[in-house]
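Presented below is the structure to which this report refers.
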Amino acid sequence: MEKLFPNEEILVESNNKSIILTNRRMIQNQSNNGYTIYKNIMLEHIKSCVNSTSHNIMYLILAGITLLISGYVYTQVSIQAAFVALIAVVVLVILYFTTRKNVLAIASPSCKIIFEVNNMKREKTIEFIYKIGLAIDSLRK
């Protein structure tokens, strides 16, 4: 449980409680794969929220080329060679999907809180960014 300031309340938190938005700050507290991250940004210092998706399209391009080659190999060489090429297509498509990342970055002048939101629907990500904006706006009043 995160220790809160007086008059501070949790507005939203992730399922594993690694990301917490309160009415005063944004907190990232993650431990995995041998490293620990603890970041704390006061809401008045947040300057931007960015949701971005990255992927390696080259895997899909190579899969398409390999698929075309496998069609040619099937008609000209042998079914076994075409089968090997189709396995390569499947591997390339799997690589594409496993390298896709959807991240949310919340930045202040001194640090960034960056975390993956791969399992979060786009509407929920936008709603989370909206809640950050509402919390910042309520501080100004």
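Its first residue numbered 17, the sequence shown is counted upward by one per residue in this note's numbering.
No residue lacks a Cβ here, since even glycine has one placed at the ideal position from N, Cα and C.
These numbers were taken from a predicted model, which means no experiment stands behind them.
Report task. Buried or exposed for residue 68, please, with buried defined as at least 16 other CB atoms from any protein chain shown within 10 angstroms of its CB. Result -> exposed
Report task. Mark residue 127 as exposed unless 16 or more other C-beta atoms lie within 10 angstroms of its C-beta, in which case mark it buried. Result -> exposed
Query raised in the report: Opposite residue 131 in the DSSP bridges: which residues?
Result: 120
Report task. Grab the span of the beta strand (DSSP E) containing residue 27 for me, first residue to last. Result -> 26 to 29
Report task. Taking residue 29 as the reference, give the member of 141, 60, 89, 105 with the closest Cα. Result -> 141
**Report entry** Test item: CB-CB of residue 119 and residue 132 under 8 Å
**Finding:** yes
**Report entry** residue 93 in three-state terms, based on DSSP
**Finding:** coil
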